[in-house]
Amino acid sequence: MLKAIGLFLLAGLAEIGGGYLVWLWLREGKSATWGLIGGLVLFLYGVIATFQAFPSFGRVYAAYGGVFILLSVLWGWGIDQKTPDRYDWIGAGICLLGVVIMLWAPRS
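Here it is as structure tokens:
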């Protein structure tokens with residue numbers, strides 16, 4: 001379980017970080033180098049996800065979505081200095097609950 005969580009966090013940082021670098025290039029006027037690095041980091045995100053042991057692509061990527069929501073809230077708070085409100089935290093918590101149910105609920 002720790003490996004799965006670590007991969008979710010690493011992939012989430014790659015996805016959000018890569019997207020942020022592309023954002024800086026296209027929206028904030030940074031050089032194209034930022035966009036190129038962002039694209040490479042986004043590529044790594046796709047590779048990292050393949051290391052998950054879960055057999056279902058759809059389930060893994062759906063679970064990533066829930067983790068990414070929490071990481072995006074934290075990224076916005078730490079990097080963009082936008083303090084999340086209670087509804088951001090409630091929404092992120094609901095998403096994480098969904099991740100836990102999807103990945104670790106007993107199945108027959």
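For the sequence shown, the UniProt record's numbering assigns the number 1 to the initial residue and increments by one for each residue that follows.
Even for Gly, the Cβ is constructed at its ideal location relative to N, Cα and C.
Pick helix, strand or coil for residue i, following the three-state DSSP scheme.
| i | result |
| --- | --- |
| S31 | coil |
| I88 | A quick correction: the sequence has Asp, not Ile, at residue 88. DSSP places D88 in helix when its eight states are reduced to three. |
| K82 | coil |
| M102 | helix |
| F51 | coil |
Can you tell me whether residue i is buried or exposed, with buried defined as 16 or more other CB within 10 angstroms of its CB?
| i | result |
| --- | --- |
| L97 | exposed |
| G18 | buried |
| I90 | exposed |
| G65 | exposed |
| E28 | exposed |
| F43 | exposed |
State the start and end residues of the unbroken alpha helix (DSSP H) segment that holds residue i.
| i | result |
| --- | --- |
| I69 | 57 to 78 |
Measure how close the beta-carbons of residue i and residue j come, nearest whole angstrom, since I'm counting them as under 8 Å.
| i | j | result |
| --- | --- | --- |
| V22 | G39 | 7 Å |
| M102 | A62 | 6 Å |
| M11 | I48 | As written in the sequence, residue 11 is Ala, which differs from the Met given in the question. Contact holds; Cβ gap of about 4 Å. |
| residue 113 | L13 | There is no way to answer for residue 113, as the model of the chain reaches only from 1 to 108. |
| V100 | V67 | With a Cβ gap of about 11 Å, V100 and V67 do not count as contacting. |
Between the segment 75 to 83 and the segment 43 to 52, are three or more C-beta pairs nearer than 8 Å?
-> no
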